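**Student:** Chain order of the listed sequences is A and B.
For the first sequence, this note's numbering assigns the number 1 to the initial residue and increments by one for each residue that follows.
For the second sequence, this note's numbering assigns the number 1001 to the initial residue and increments by one for each residue that follows.
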Amino acid sequence: MPSLSRRDALHLLASSVAATMASCTQPTNEIIPYVNMPERLIPGEPLKFATSVALAGYGRGTIGITYEGRPTKLEGNPLHPASLGGSDVFMEADILDLYDPARSRAPRGPSMVNSWDEFLQAFEAARAHAVGNGGFRLRVLSGRITSPTFVRLWQALARGFPAARWHRYEPVDDDSETQGLKLAFSRPMLARPRISDANVVLCLGADPLGPGPEQPALARAFSTRRNSEKPGGMLRLYACESAWTLTGANADHRLVLAPAAICDFALAVAARLGADDGSSPSLAFKKEVEAVSDDLLAHRGHAMVLAGRTQPPELHALAAWMNARLGAPIDYIEPVDTVPGTHAGSLAALEHDLESGAVDALVIIGANPAYDRGVEFSHMIGRARLSAHMGLYADETARACRWHLPMSHILESWSDIRGPDGTASIVQPLIMPLYDSRTPEALLALVTGNRSPRDYDLVRQTWNRGGNGDFESWWRGAVERGVIEGTGAKPVTVSAPSLPQVKPAGPGRLVVTTGPDPSIWDGRYANNAWLQECPKPFTMEVWGNAIEVSPEDAKEFGIADSKYARLTCGLAVVDAPVRIRSGQAKGVVAVTLGYGRVAAGPIGDGVGFNAWPLWARRNEPVSLSPIDSGPATHTTFGHAVLDEADDKLFPRFTLAELAKLRRPITRPESSEPTLLHTPQPDDGYAWAMVIDNGLCIGCNACVVSCMAENNVPVVGPDEIDRHRDMHWLRVDTYQSGEAAGLRIGFEPVPCMHCEDAPCEPVCPVEASIHDTEGLNVQVYNRCIGTRFCESNCPYKVRRFNWFDYAGYQAYADMNAGTISAQRNPDVTVRARGVMEKCTYCVQRITRARRGAEREKRMIRDGEVVTACQAACPTGAISFGNRDDKHSHVVAQKSRGQHFALLASLGTRPRTTYLAHVSNPNPVWDKTS
Amino acid sequence: MSQLFGPRANTIGRIVLASILVLPVAALALHVLLMNSPYVTGQTNTPEQPVPFSHKHHVTEDGIDCRYCHFDVEKSAVAGVPPTQVCMSCHAHLWTNAAMLEPVRASYATGVPLRWRQANRLPGYVYFDHSIHIAKGIGCTTCHGPVGQMPLIYQARKLSMGWCISCHRDPGRFVRKPSQIFAAEWSPDDDPAQIRRLLSQYLISTKHLTDCSTCHR
């Protein structure tokens, strides 16, 4: 480059000064109206649409909130049986996946940038080549797909290519259950427990309240039976488990048993129920076995036994036999997905075909076997003449395939999907596809010769088969409600199950149990920053996973003082951080799946370790040895699991103790005398919240929902280590008792909105201030960032934005354009140097107020639903006007177990709690 | 040894003493003037528009109601700028060849929206809602000024927080009868009884109106 002349330098200097001066004017905003405005759309007002999102291939009905065609938030659809109005972390976080800038945007092939037409040419070439050699051996590999349209199009494709096969495997499969029920009933089945009809539930390693496609629905059913005001109707939950699950934490009685001992326990209970198998049951838990079996028998017709996903099929068969003896409220249905056989078998058949070179074209839709089945599978992919991967991301499997095709996100697609009970729903798009992507259904139509498939037409053709009367009005109704009534699988009548031979598990000093991660499931959500930063129940761990061992094992294997360990299981070797967990069975190592991705995207790559090699070897003996180094672990602020040192923080009652309680632990704050000035509402509203600790199952749906609603940014692992997490709502974990008797309780903590708020007098600029309705508001524009309020808050719910987390920060994708499209336009995106905290979703309050005042009426009870409340699958959170004596929140506040957190401080919090109430078996305590 | 202070020292001393008194007051006055000046508030700001749309012509000369174009103003937080379709509902028949309207016809033909410039702008942290102001009897011209007299739209009021608050503290001076809300000309009612009647009719209570959370969240 020639050196700059003096004259040029002066030119540059002058023009830069001129540019600086010119930039000192106010920017001009543009208003860009529609050309043709869509029907019913009102700019600035949200529109809600019913659709469905998927987890593990099962649909869960959702209501999408959109602003000017831009979806910003998902909530559960009350009409859909798989959500019943509640949600879970995955449903809440699906919206972020839609806008993930790491999504693939165009087909990639041999020349890196390719088009759909080029892929079709390659596909046609492979087909033409194969047809000459006797049949086109097309193999489609997918996760569980329940879409009736996909099934219809597959059948059409299979007619054209008779040698084509569809293999499906879900990484976290339900093979044990279907095979176990096949043992019992001679055909594969799915069990659908009606928990709302049960009085006694025994879980044998089962985790109905844990993460999974059915969590919202099962948790809702559970909550309907945990109301302490109907004592006769309160369900009793027993859990036998090896490692902590949400079900165990919420159980009235939890037994910590190694996997082999769970089998023994089940056999012993079965023997008490009349299984005369001649074996002598283990005597280790004789009294517990008697207490449980007597309780089950006392509630015949309303008692059930549930076996867990990772338990052997024989145990599922045994549970089915016990349920038949008990007349349990369980429906049996045919498996919802239409591919017959087990997931493992289906994948093995494909692997066999690939090995023998009998595959002309392999198309992988949505699955990622190169990650969860390991590199062996990616080598096998190369044996197919043509290999293509369709997915949201160019992931590990995409790298192993010749072609990668971008898949439309479900919120961009017209499709249909079945829920876990078989109920079908129409999936309608909330937004046009952002990229050059297609749906799996459109891909099938493409390769069968439909050169311009419209996914809308494909879905309508599936349902327009006559019998729907006036199809147009039927279609509109089905789309509007988000659920097609009467499509649920009908319970089949089953023969009396046979009593299986349960082989006692082989001896093993140490076995490993694995399961999907509560934050990122099987790894498919690894690039979702909200979920990576969602604190896992119990451990509050974020951005990674750990090997969890019991204190006894840690001592024995010499890793008590080590931070890292090497886990060896056959050929699988895993180096990872160790976490010592009280209340975990001796001889059991627990790990969660989904981490250690290498091609997830910039958020998910290299986070945690990959535990998938252990999945196939679960319940097999492993060895453990200390090592010196490994990846770091991260936990959120307040992570230390709190001891229930005094019952002011997490009081617990049994039903019997509650009945003896004369008056509420803490009276409602409005009736407490005070000498201090308290705000008096003039327009009849005093907002308040009550959280029922007894109903909180610790699922974190509220935490992620709050992030979506309130534009709460993620901060990334480094900032987490500096205790700078930004969650406006956290779920505290309290523990009491020791070792096997350890009890854990959950307590969600948003801002308390204290009437005498300690944060307010210390603010030098009145940025922390009360409004007349009792909201403790934070005025971002006044805040100068002294953080005095944070120091003075006894509940530690205030969050300081240190580094413009929502803006230019790697873990927020540098505020890429698509990410900012997710933001709620009714909530400020906070800048650097500002304190922020829970606002009681003030934007929802004012929206309801404006609506009510336009109609010249008061806001009705239940009209304001906060984001956390809407998400909660158990309805643990109630919110409303405390000055309305007939409101639900007042009724909650006058219950006996009502208490305020740290009430002795005199802060008079508006957010109060209902203490945890359990329903223990009176016989149990006498036995142990 | 010469004098330490020369003859000019007295003058300098007087000037310094006067400055100590005057400068802070002057600085404050300058600040107030500056912050209230159109340079900062944007008052009288008349942005150039893609089409020189005259409210004066459409409102006063043609007598078109505000809501013909800003049809969502009673339902939504934003009044809404009309889609091209609304312009064309008349201009497909009137002035169909006017050169001035070429961008409108082009927008309708190509589907590319017109890009209007915002004249009345509030900061991003203010959540103003048109619909509730209409519902509570606050007329368009109270904030937007004599739009019916504007050949080109401009910002007529300061739109500063102090200006907003002055009404939120005492809205009685500005509430109108329902029939007057969209009127181009309106003068305040001087009858206190009438104002009280309107305030109670609109269920306006002022206490919540000055809460921070009313406009900021």
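Note that the Cβ used here is the ideal one computed from N, Cα and C, for glycine as well.
Predicted model, so just to flag it, every value in this text is computed and none were measured.
Out of A:Val765, A:Leu649, A:Val704 and A:Asn815, state which residue places its alpha-carbon closest to the alpha-carbon of Gln735 of chain A.
**Tutor:** Out of A:Val765, A:Leu649, A:Val704 and A:Asn815, A:Leu649 has the C-alpha closest to the C-alpha of Gln735 of chain A.
**Student:** According to DSSP, which residues form a beta bridge with Ala361 of chain A?
**Tutor:** Note: Ala361 of chain A sits in a beta bridge opposite A:Leu138 and A:Leu386.
**Student:** Is there contact between the stretch 1117-1137 of chain B and the stretch 845-865 of chain A, where contact requires at least three CB pairs shorter than 8 Å?
**Tutor:** They touch, by the three-pair rule.
**Student:** Unbroken beta strand (DSSP E) runs of length 3 or more, entirely within the stretch 817-871 of chain A: which are they?
**Tutor:** DSSP runs (the beta strand (DSSP E)) wholly in the stretch 817-871 of chain A: 834-836.
**Student:** In the structure shown, what three-state DSSP assignment does Tyr1068 of chain B receive?
**Tutor:** Note: Tyr1068 of chain B maps to helix in three-state DSSP.
**Student:** May I have the straight-line CA-CA distance separating Gln428 of chain A from Met390 of chain A, to the nearest angstrom?
**Tutor:** C-alpha separation (whole angstroms): 20 Å.
**Student:** Have a look at A:Asn36, A:Glu75, A:Asp88 and A:Thr51 and flag the residue whose alpha-carbon is nearest the alpha-carbon of Val1112 of chain B.
**Tutor:** Closest option to Val1112 of chain B, Cα to Cα, is A:Asn36.
**Student:** Mind listing which residues of the stretch 1174-1190 of chain B have their C-beta closer than 9 Å to chain A's C-betas, in chain order?
**Tutor:** Answer set for the stretch 1174-1190 of chain B: empty.
**Student:** Using the beta-carbon of each residue, which ones in chain A are nearer than 7 Å to Ala1106 of chain B?
**Tutor:** In chain order: nothing, as chain A lies at least about 11 Å away.
**Student:** Is it buried or exposed, Tyr1039 of chain B, if we count other Cβ atoms within 10 angstroms and call 16 or more buried?
**Tutor:** Classification of Tyr1039 of chain B: exposed, given that the 10 Å Cβ count is below 16.
**Student:** Does any CB atom of chain A fall closer than 8 Å to the CB of Ile1020 of chain B?
**Tutor:** No, Ile1020 of chain B does not count as interfacial toward chain A.
**Student:** Contact between the stretch 151-167 of chain A and the stretch 288-301 of chain A is defined here as three or more beta-carbon pairs at a separation below 8 Å; is this criterion met?
**Tutor:** Flag = no, the stretch 151-167 of chain A and the stretch 288-301 of chain A do not touch.
**Student:** Any beta-carbon of chain A closer than 8 Å to the one on Thr1096 of chain B?
**Tutor:** No - not a single Cβ of chain A is within 8 Å of the one on Thr1096 of chain B.
**Student:** Go through its chain and collect everything with a Cβ distance to Thr149 of chain A's Cβ below 6 Å, but skip five positions before and after it.
**Tutor:** Here the set comprises Asp416, Glu441, Leu458, Val459 and Thr462.
**Student:** Starting from Thr772 of chain A, find everything on chain B with Cβ-Cβ shorter than 8 Å and list it in chain order.
**Tutor:** Result: Lys1207, His1208 and Asp1211.
**Student:** At a cut of 8 Å, does the stretch 73-80 of chain A reach the stretch 98-109 of chain A through at least three beta carbon pairs?
**Tutor:** As far as the Cβ criterion goes, the stretch 73-80 of chain A does not touch the stretch 98-109 of chain A, which means the pair count is below three.
**Student:** What residue ranges within the stretch 63-139 of chain A form continuous beta strand (DSSP E) runs of no fewer than 3 residues, ordered along the chain?
**Tutor:** With a minimum length of 3 residues, the continuous beta strand (DSSP E) runs that stay inside the stretch 63-139 of chain A are 70-76.
**Student:** Do you know how far the Cα of Ala585 of chain A is from the Cα of Ala243 of chain A?
**Tutor:** Distance between the alpha carbons of Ala243 of chain A and Ala585 of chain A is about 6 Å.
**Student:** Is the beta carbon of Gly419 of chain A closer than 8 Å to that of Arg60 of chain A?
**Tutor:** Yes.
**Student:** Flag this pair as yes or no: are the beta carbons of Pro713 of chain A and Tyr805 of chain A separated by less than 8 Å?
**Tutor:** Contact flag set, yes.
**Student:** Check whether the Cβ of Glu412 of chain A lies closer than 8 Å to any Cβ atom in chain B.
**Tutor:** So no, Glu412 of chain A is outside the interface.
**Student:** Against Pro33 of chain A, what residues of chain B qualify as contacts under a CB-to-CB distance less than 8 Å, listed in chain order?
**Tutor:** By Cβ distance, chain B contributes Gly1080, Val1081, Pro1082, Pro1083, Thr1084, Pro1113, Leu1114 and Trp1116.
**Student:** How would you call Ile1020 of chain B, buried or exposed, if buried means at least 16 neighbouring beta carbons within 10 angstroms?
**Tutor:** Per the 10 Å Cβ criterion, exposed.
**Student:** Pull up the distance between the alpha-carbon of Gly833 of chain A and that of Arg782 of chain A, whole angstroms please.
**Tutor:** Distance between the alpha carbons of Gly833 of chain A and Arg782 of chain A is about 11 Å.
**Student:** I'd like to know whether the C-beta of Ala1077 of chain B is nearer than 8 Å to at least one C-beta of chain A.
**Tutor:** So yes, Ala1077 of chain B belongs to the interface.
**Student:** Run down chain A in chain order and give the residues with a C-beta less than 7 Å from the C-beta of Ile1138 of chain B.
**Tutor:** The contacting residues do not exist; Ile1138 of chain B stays about 13 Å from chain A at best.
**Student:** Do Phe185 of chain A and Val494 of chain A have their C-beta atoms closer together than 8 Å?
**Tutor:** Their beta carbons are under 8 Å apart, which means Phe185 of chain A touches Val494 of chain A by this criterion.
**Student:** Determine the contact status of Gly694 of chain A and Ser228 of chain A, defining contact as a CB-CB distance below 8 Å.
**Tutor:** Result yes, Cβ atoms of Gly694 of chain A and Ser228 of chain A sit closer than 8 Å.
**Student:** Just how far apart, CA to CA, sit Val542 of chain A and His634 of chain A?
**Tutor:** Taking the straight line from one Cα to the other gives about 6 Å.
**Student:** Between the C-alpha atoms of His639 of chain A and Glu334 of chain A, what's the straight-line distance to the nearest angstrom?
**Tutor:** The predicted position of His639 of chain A is uncertain, since its pLDDT is 46 and thus under 50; no value can be drawn from it.
**Student:** Can you tell me where the alpha helix (DSSP H) with Asn919 of chain A in it begins and where it stops?
**Tutor:** No alpha helix (DSSP H) holds Asn919 of chain A; DSSP gives it neither H nor E.
**Student:** To which residues does DSSP link Glu747 of chain A through a beta bridge?
**Tutor:** The partner list for Glu747 of chain A (beta bridge, DSSP) reads A:Asp732.
**Student:** Of all the CB atoms in chain B, is at least one closer than 8 Å to the CB of Asn934 of chain A?
**Tutor:** With chain A covering only 1 through 928, there is no way to say anything about residue 934 of chain A.
**Student:** Measure the Cβ-Cβ separation of Phe285 of chain A and Leu255 of chain A and say whether it is below 8 Å.
**Tutor:** Their beta carbons are under 8 Å apart, which means Phe285 of chain A touches Leu255 of chain A by this criterion.
**Student:** Just tell me which of A:Asn824, A:Thr874 and A:Ser904 has its CA closest to the CA of Ile95 of chain A.
**Tutor:** Taking only the C-alpha atoms, the option nearest Ile95 of chain A is A:Asn824.
**Student:** So, does the CB of Ser1131 of chain B fall closer than 8 Å to a CB anywhere in chain A?
**Tutor:** Yes, Ser1131 of chain B counts as interfacial toward chain A.
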